[in-house]
Structures are given as C-alpha cells and as structure tokens.
Amino acid sequence: MSVRDFFIKLSKIDRKYIYLIILIGLIIPLVFPPNFPQKMSPQVKRVFEFIDTLPKGSYVILSADYDPSVAPEVHPMYKAVVKHCILRGIIPIGMTLGVQGAGLAVEAFTEAERVLGARRDTDYVFLGYQAGGAVVILGLGEDIKGVYKTDYFGTKTTEIYALKPVKNYKDIALVISFSGSSIPVTWAVYAYTKYGVKVAAAVTGVSAGDFYPYIQAGQFIGMLAGMKAAAEYEYAVNQILKERNIREKPSTDAIRMMDANSIGQLLIILFIIIGNIGYFLSRRRK
Amino acid sequence: MRHLFEKQIPLALVFIIGIIMTIQYFVPHPTSQNVYDTSLMWSRAISSMAYVMAIISFLRFHTKRLKNKNYAPYSLVAILSFTAMVLIGFIGGTAKDSLFQKIYENMMVPLQATTFSLLAFYMSSAAYRAFRIRGVEATVLMITAFIVIFGTTTIGNYVPKMNEIVEWIMAVPNLASKRGIIIGVGLGVVATSIKIILGIERNWVGG
Amino acid sequence: MHISTDIWIWIQALLTLAIFTFLYKDNPLFRMAEHLFVGLATGYGFVVVYKNAFYPNVWVPLFQEKQLIFIIPFVLGLMYLTSAFPKISYMIRWPMAVLLGIGSGLSIPLTIQTYIIEQSKSSILRPPYPNLIHWINALILFVGVISVLVYFYFSIPHDRPGVKQISKVGLFLLMLGFGASFGYTVMARFSLLVGRLDFLLNKWLGIRPF
Amino acid sequence: MILRVMLLFLFISPPKVFSPDGTGKKLTIVMNIPDTLRTQITTLNLLRECSDGKLDTLNILPFLKTYTDNELDYRKEYRYKILAYSNGNLIYESEWSEYARPTAKWFDKGKLPLFIVMMVFTIIMIFYIAQARANKPLYLRPIAGLEAVNEAIGRATEMGRPIIYINGLTGISDIATIAALNILSHVTKRAGQFETRIVVPCYDPVVYTIAREIVKEAYTTIGRPDLFNPDDVYFATDSQFGYAAHVAARMVREQSATNFFMGYYFAESLILSETGASTGAIQVAGTDSVAQLPFFVVTCDYTLIGEELYAASAYLSREPLLTGTIKAQDLAKLLLVIIMVLLSLLSLFNVNITLGLF
C-alpha cells in the first residue's frame, strides 16, 4: 500500500474511531495532567499585572455575579484572583449581585483559608448578596458600609477591622465582575463612567466577543475570557505559591480542563489536516 | 358563517391589534403606556395557556405509539416520566431542595449537558469530513476556523501576535459579515410583520 | 479511587453514559434516556409554566384579585384546548391572532431601530479615527457590510460586472465569519465535554488526578 | 462657626422645574445649590407639593445637580423645594418652585425619522405587492439553492426512502418559520407526485398544527389526499435537546434519503445535520440564525444563508405576493446602501449628517 493510499485511507476513517480518539485524547490529560506551562495572553496579563503591582493593603472588589451553569469556566478565575490578592497583601472584598454567586464565592474564600491561612475580616472580607443590581453599584460609590450593613456572616461592617479605612470607590483600586452574562457592562457604566473606579471583566469564552467594543472604548482595564484565561491565571498564581513553597495543594481545575481542551482542539486541527491531505491525494488520482 | 370565524375574525384581530401596537411605540402619552402594559399582560396570560397544546400533542402522540409494539416501551417511559414529574412538581412543590428540583438538577441537567457535549464529537467529525478544500469559499472557511481553533489553545499563546490576530478576526471581518446578515434579516422581519398585520401573509389561517 | 456512594451521582453518571452510547449507534439504552428526557422536559415545562406563568398571570389576577378584564385573555387561552378536537381546532387561531398581532406590532419599530438602523449606523465611516489601524478596520467594516448586502441583493444577476466582484467579496466575508464563529465555538463545546468527562472521572469514579 | 454662617443661605432662588418628555409622568428639577455648599451636604431632600395638597419628601443622592421625579400624574401639578443638611442641621433651603405639569404628548418628535422610515418601507411594500397582484413581471436573480432543493427531492424518490423536513425551533411569528412552512408546502407537493413519504417532526405545538394543515392541503391540491398520513406530521417535544436527540435517532432509524433543515435553529443544529450527514443523506438547510450558519455550511450539501431562505420561499411557492416582498426589501436595501455611502463620503469632508437616525 503506497503512501498515497495510506493517506487516502486515513482520510476515510469511520466516524466512530474519530470519536474514540477524541474520548481518549481528553481522558488522558484529565487523569495524568501534563500541566502545560500557561503563557499569559495580553488581556489576562493586564489584569494580573494591575493587581500584582498594587501597593500592599489596597482594596479590590470581587463581585461573583455568576451561577453554577457557567461555574466550570468562571469559578476557577474567582478562586485564582482571591488567592492572588491575599498573596500580594491586597484585601479582596467579596460580594455578589446574583443570589447563586454567594455559595460559590464562600467556597473560594474557604480554599484561601485552607491554602494560605487567610483570616476572615483581616485578610479578606465577604459581604455576600445584595439585591438591586445597578442600585447596589451606585450605592457602593457613596458608602459601602451603608449598602452592606452586615457582611455575609452577619458581622456589622462597621466593626470589621479590614474595612476600617474603606468608605466608597475612592478607596477601591479595582472592581472585577465575574459573570456569564452582561453584568460587567453594568459595572462599567455605573462604577467606572460615573465614579471612575477601574473595572475588569471575568466572563465565559462564548460571551467574550460582546465585550471587545467596551475594551476598545477603555471602559475595562482588561478581561479574563473563558477556560483559557482561567487556566493562565491559575497557573500564574500556582507559580507564586511554588516560590513561597506553600505546601498546601491548590485546586488546578482550570489548568487540567484547559490542557484537555487544548489537546481536543489540536486533535481537530490534526483531523482537518489529515482529511485534506487524503482528499487532495484522492482527487489528484482521478 | 364558518368562514367568518375561521378566517375573517382572526385576520381582523391581527390587523387591529397590530396597528395599535405599532403606533403605540411612537406615542409617549400615559394611555399608550397603559395599552403597552395591558398588551404585555395579555400576551403573558395567553401564551402561558398555549403550553396546554404541547401537553395534548405530546400525550396524543405517545398514547398512539403505545399500540405499536416496538415503540410501546419507550412511549410508556415518556408518559410515566411526564406524569411523575407533574405529580412531584404539584405535590412536592418546586422549592430549592424539593424532589422536583433534585430531579431537574440530577436528571434533566446532565441529560441536557451531555447531549450538548455531543457537539464536541460532532464538530470533530464535521471538521474531519467536511473541511475539505473544495473551492474558494470552503477554503476561506477552513483556514479561518483553523486559525481561531489554534489561537484559542494553550500552545496558541506561544505564537507571537496569535491572540491579537484571533481578536482582530472576531472584531472586524467577522463583525462585518454578521452585520450584513443582521441588516438583511431585519428587513425580512419587518416585511413579514407588515404582511401579517395587513393580512397578506395568511399561512397561519390555513392559506 | 473511591467510587461515589451518592445515589444522585450514580443517576447522573448512568444518564450521561446512556447519551454517550448514541455516538456508537442508536440503541435501546439511548432511546430510553431520550424518551425519559422528553417526558421529564414536558412534565417540567407543564409545572414551571403553570407555577411561573399561568398562576401569576391568569389565576391570581382573575380568580383571586377578581380583575374581570382578565376573562378575555383567559377565554382566549381556553381556546387552545380546542386543538384536541379536530373539528373545532380552528379556534386556536383567535388567541394566535392576538399573540401575532401584539408580536408583529411590537417588532416593527424595534426591529427597524435595533437591526437595521443601529447596525448600519455603526458601519458608516465617521472620521477622524485615532490611528491608522482604526482607519483600516473602519474601512473593512464599511466595505464588508455593503458587499454582504450586495450579495443578498436579488434584483440584479450576480454576473453583472460591478456586482460580481462586490458580491464575491461579500461571500468571502461571509465564509470568513462562519469559519471564525465555528472555530470560536469549538473551545466552548470542548469545555462542556471536558466538564462531563471530569464529572465521570472525578465525582463518579473518584479518580484523583496523579 | 462656619455652619452658623451657612444658615444665612435661606430662601434663595427656587429650583427650575420642567417636563423632560411627553410621557406625562416625569418632571426634572434643576438644583442650583452654590458649589461652596456642595461639599458640606450629607443629606439632600426635595419637598414635593401636589396640586391636590399631598406633600412628600424625597431623599436624593447629595451630589446630584438635577433630579428626575417620575410616577407623577399628568392631570395634576407639582412644585418643589430643596432642603440640604450637613450632619443633621439645615444649611440650605430654597423657595418653592413654580407649579409645573408633566406634559403628556401624543407624538414623540424624537421618533419622527424612524416613523418616516417605517412609512416609506410600508409604501414600498404595498407598491410592489400591488405590482405582483397585477402580475407584472418582477425579476429576481436565480438562487443556486433552489436547484438543490428539487434535486434533493428527486434523490429521495430514486432511493424510495423518506424525506425528513424540519421547520426550525421557533414559533409561528418568526419569519424563518413562516418561510420554512412555505417551502414545506412546495416540497410536499413535489414529493407527493412521486408518492415519496415526508416526515415532519415539530418542535412548537402551534407550528405543528399549521404544518399539519399545510401538508394535508398540499396533498389535496395535487389530487392525492390519500397520501396524507397524520402520524408523519407530529409534535415530538418542545425541549431543545430532547428534540435534537429524537430527530437524530429518527434519521438513523428511517435512513432518510433527504433532510431539510429550514427555519431558525440553536446549538442543536450540528447534532441534526452531522447525524444526517452520517447516514449519507442529501441535506439542504436554510436559516437566518447567524450563529448556526457555520455548522450548516460545513455539514450540508447546500445552505440558504439568511435572506436567501426568505427569497427561496418566494420562488418555490411562486407566490406573487412573496416575490413582491423580496423586491420591496431589495429596494430598501439599495436605499440603505446609498445612504451609508453618501453619509460616509460626506463625513470624509467632515460634514456629519445624521438624518436624526445615523
């Protein structure tokens, strides 16, 4: 069988084998994670470096405006950014405009306690859910402790040590809205345009396209989009953990899933190439 | 007489309501606002009862298939699961931790997510089988897909400017083609709505 | 490796595997899962539509708040029941006429504004542009949208001199756009599949990554 | 000490009040509080007195320069007074403003250009429909997709296997579904001549009842009412993926020779078209759902893109009224392109005209 016949045969494999290859191609990296080094793409780098270069003791609002349906892509971002802030001595103020985000955010802060020994109300604050959407965003511009009388756990915000010097957006270095919908745009319109606080978006891959116009208009300082951005950020934070030789193992969901995803996508590229070579050769033979 | 009820009155209804709703957009007066609110209230009420037709067709279709030997077990499963879900929903309630919610989260969501995830397999076989260089269009389609697929992998980050290229493709040429289609579709939607209101488009009353 | 003992996790896993079998070929297990899905979905729809749509929008205002005006939408809605009796099933056209009238009436001005005006407005050249790249992008968008519109122009044959080239550019852009969205969706679909496999491996079989 | 001095600022000029729009519900109050005072204000109240005597106090954000009060009644009049406090003590009190009435207009002038566009388009539509009714020749260029539709029907006849025809996953008011139903009528008539079976699983109950009527009527018009099999035109389910799985499984079971995907689709499109392709069926798709076009273009033998679906339904049903509509849309498109080019050229010489729309 000549090389040409081999390639022609290769371009006519039965559909079922393609599915088998994809299945195996995805299972292997999930069980034996290759942990590819994740080089940061420009948008992610802007957000990462913005936080990395903030002075110790500055404040960042992390709004968990997402729900379980988009958790696989967005939740690892939230966990990574929380850890990143605490590692840099920056105090993340967690909150959410959607009821479903609260449970997920708590999980992220508990992991930070486990891995970094972070202490509630000193190293981080979690204010929980507040109804009202844009009204809440506006209110934070005036008086954060007025909008959130108590935090998620019931402690009076006026008594929280970490919140002592904080009044409104003037004391906040950055707001990041984590969402599967267009809520980050509401943050940009009300928090950035009206109060001038810097805003970044952390969204799903599919919805990333709708945010480009806002980035070009300068309303977002950067964007984390999709599983790829989650893996890049998670990888960078895990590097810092290694430098600090922190033994506790952090979660590597995004990295593992992104590695499997990349292999799957590379397999598709391989199929396109093989399909065409075989097709090309068989056409020339006619 | 029957013609009146079957065709004339529905067409008259669509004409009158259609004209009122079109003009209402241009009238800021509170009465126009009330007309708008009432129309939304009515359409929510009516469409909530349209679902009963889905139930009727579903039950009629599956009860008929019970007679057919090789479909019977499946249609039985469909009817039983339907009845069970309805009883559980109405008796057990649909609260956060109700059995109804548990069934939704542990049966319907995985069924839907898994069917959805089949698309990754189908995309692979479609890319393998159909992405052939057969003419300019197919080639352009394939190369762009190639670039974007590669650009959105981890390795893609290592190719310089790869992310910028993907972003540019999505933000400029892709946007131009989508806008062209949307404008065309917009014209089509307006034309059809006008035809429905003026009674030119009559398929929905049986042509 | 410690397999999960939660019954619900097992149900999820079995249903997931049943759907995956369709990749091999259509089989009774898949058909059972398919019909289970169809039954549950219709039942779920019935309960949710009743509780979230019918009850608050019809039952409460009419029978509890006694707003008699609601008799009209209620009676129109009842007409849908006639679809079960072929002889008088034409009566579903009355509620349909109301919905169609409201839908079409509302859509005309909104569609003109959002689909036609907004999209063409943002494609018009509005110099000055900050830098050369913005200029080029604006030009591509402008020429691109017009050439796609020319492609969808049905009153002149495509082989006329001027029209031929422009609609070729239009078709080129259409294909480029389709390739881009196909490529972009690959990442999203694979994340979904990876999510399902991760559930099976991690939550169900309890295989911790090495 | 400073606060006592501030108390002198009493009974200063009243706020300006006007009706910002024609909704008869809103009044905008312009507060001209001196800037020096602005920084001290902690709470800012607006007193509102209605012509029916009712008095209300509105607490508003202290930094606001203007405030729009809504949910008012256009039949009544209102007047306002500003009260500004610094940590509880009154530091600024304005006089009562004039009584003002929220005006309720019957036409929003801002929307006049849009109204004109709508009227022009309707007139063009009616003109071409009249032309079509008087069956004047209306030229429409040939569309490649149409031969594909007829070829696909021929293929099913040769192989003696059924056609599966899907009308999309949206309701009857969606233009794509209406176009799909028009094409269904043509396909059924043509297939009926060769007694080729056509299976129409439906997603929407309303579309199902109409599709059933269309198939029945198509068979009667070609003199074969006996061919109508009520079991072949049925409502499958209205769950997106239940429907995709059901139709995909049916394609494999029936080994359908030809599959038609007309109408509007969502993410399930690839399950349908890729499974169909795996059975080796000829597939023709037609949709205006931009997100799903790539999948149909890749997996189907021919795809009608966006408006081609609408044009195809006009061709295939040979309905003069539909052709008239396509001509009207074309003229509107031509006008739109001309406007876009003109406005762009003009703005090159920085003459920025917007016609109130662009």
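Chains as they are written, first to last, in our numbering: chain Y, 341 to 626; chain W, 51 to 257; chain E, 51 to 260; chain S, 186 to 543. Ideal placement from N, C-alpha and C gives every residue a C-beta, glycine not left out. Because the structure is a prediction, the values reported are computed rather than measured.
Test: residue i CB closer than 8 Å to a CB of chain E
i: residue 366 (chain Y); result: yes
i: residue 412 (chain Y); result: yes
i: residue 502 (chain S); result: no
i: residue 478 (chain Y); result: no
i: residue 249 (chain W); result: no
C-alpha distance - residue i paired with residue j, whole-angstrom precision
i: residue 425 (chain Y); j: residue 402 (chain Y); result: 10 Å
i: residue 271 (chain S); j: residue 393 (chain Y); result: 39 Å
i: residue 132 (chain W); j: residue 97 (chain E); result: 10 Å
i: residue 75 (chain W); j: residue 431 (chain Y); result: 49 Å
i: residue 422 (chain S); j: residue 55 (chain W); result: 30 Å
i: residue 483 (chain Y); j: residue 162 (chain W); result: 43 Å
i: residue 285 (chain Y); j: residue 77 (chain E); result: As shown, chain Y starts at 341 and ends at 626. That puts residue 285 (chain Y) outside it, with no answer to give.
i: residue 581 (chain Y); j: residue 397 (chain Y); result: 19 Å
i: residue 185 (chain W); j: residue 332 (chain S); result: 19 Å
i: residue 361 (chain S); j: residue 391 (chain S); result: 15 Å
i: residue 105 (chain W); j: residue 92 (chain E); result: 7 Å
i: residue 557 (chain Y); j: residue 241 (chain E); result: 30 Å
i: residue 225 (chain W); j: residue 216 (chain W); result: 13 Å
i: residue 148 (chain W); j: residue 94 (chain E); result: 13 Å
i: residue 590 (chain Y); j: residue 260 (chain E); result: 14 Å
i: residue 53 (chain W); j: residue 252 (chain W); result: 14 Å
i: residue 205 (chain S); j: residue 156 (chain E); result: 24 Å
i: residue 249 (chain S); j: residue 219 (chain S); result: 13 Å
i: residue 227 (chain S); j: residue 473 (chain Y); result: 24 Å
Cβ of residue i within 8 Å of any chain W Cβ
i: residue 465 (chain S); result: no
i: residue 120 (chain E); result: yes
i: residue 455 (chain S); result: yes
i: residue 217 (chain E); result: no
i: residue 262 (chain S); result: no
Pair within 8 Å by beta-carbon distance, residue i and residue j
i: residue 191 (chain E); j: residue 234 (chain W); result: no
i: residue 559 (chain Y); j: residue 532 (chain Y); result: yes
i: residue 227 (chain W); j: residue 128 (chain E); result: no
i: residue 448 (chain S); j: residue 484 (chain S); result: no
i: residue 250 (chain E); j: residue 66 (chain E); result: yes
i: residue 592 (chain Y); j: residue 413 (chain Y); result: no
i: residue 135 (chain W); j: residue 90 (chain E); result: yes
i: residue 537 (chain Y); j: residue 515 (chain Y); result: yes
i: residue 405 (chain Y); j: residue 429 (chain Y); result: no
i: residue 487 (chain Y); j: residue 476 (chain Y); result: yes
i: residue 441 (chain S); j: residue 351 (chain S); result: no
i: residue 124 (chain W); j: residue 81 (chain E); result: yes
Presumed contact (8 Å Cβ cut-off) between residue i and residue j, rounded CB distance
i: residue 244 (chain S); j: residue 230 (chain S); result: 6 Å
i: residue 469 (chain S); j: residue 445 (chain S); result: 6 Å
i: residue 125 (chain E); j: residue 63 (chain W); result: At roughly 13 Å, the Cβ-Cβ gap does not stay under 8 Å, so residue 125 (chain E) and residue 63 (chain W) are not in contact.
i: residue 313 (chain S); j: residue 499 (chain S); result: At roughly 11 Å, the Cβ-Cβ gap does not stay under 8 Å, so residue 313 (chain S) and residue 499 (chain S) are not in contact.
i: residue 607 (chain Y); j: residue 344 (chain Y); result: Not quite, the Cβ-Cβ distance comes to about 24 Å (not below 8 Å), so this is no contact.
is_contact[residue i, chain S] using C-beta, thresh 8 Å
i: residue 56 (chain E); result: no
i: residue 96 (chain W); result: no
Listed by chain order, chain W residues near residue i by CB distance under 7 Å
i: residue 489 (chain S); result: None at all; the shortest Cβ gap to chain W is about 12 Å.
Any non-hydrogen atom of the ligand HEM within 7 Å of residue i CB
i: residue 242 (chain E); result: Among the components of this structure there are no ligands whatsoever, and the ligand HEM is therefore not found.
Contact set between residue i and chain E, taken where Cβ atoms lie within less than 7 Å
i: residue 525 (chain S); result: 170, 173, 174, 196
Where residue i meets chain S, residues with beta-carbon distance less than 8 Å
i: residue 208 (chain W); result: Under the 8 Å cutoff, chain S gives no residues; its nearest Cβ is about 27 Å from residue 208 (chain W).
Contacts of residue i in chain W (Cβ-Cβ under 8 Å)
i: residue 221 (chain E); result: 187
i: residue 107 (chain E); result: 91, 94, 95, 98
Chain Y within 8 Å of residue i, Cβ atoms only
i: residue 238 (chain E); result: yes
i: residue 152 (chain E); result: no
i: residue 69 (chain E); result: no
Chain Y residues whose Cβ lies nearer than 7 Å to that of residue i
i: residue 199 (chain W); result: 605, 608, 609
Partner residues on chain E for residue i, Cβ-Cβ distance less than 8 Å
i: residue 601 (chain Y); result: 237, 240, 241, 244
9 Å Cβ cut-off: residues of chain Y touching residue i
i: residue 257 (chain E); result: 370, 371
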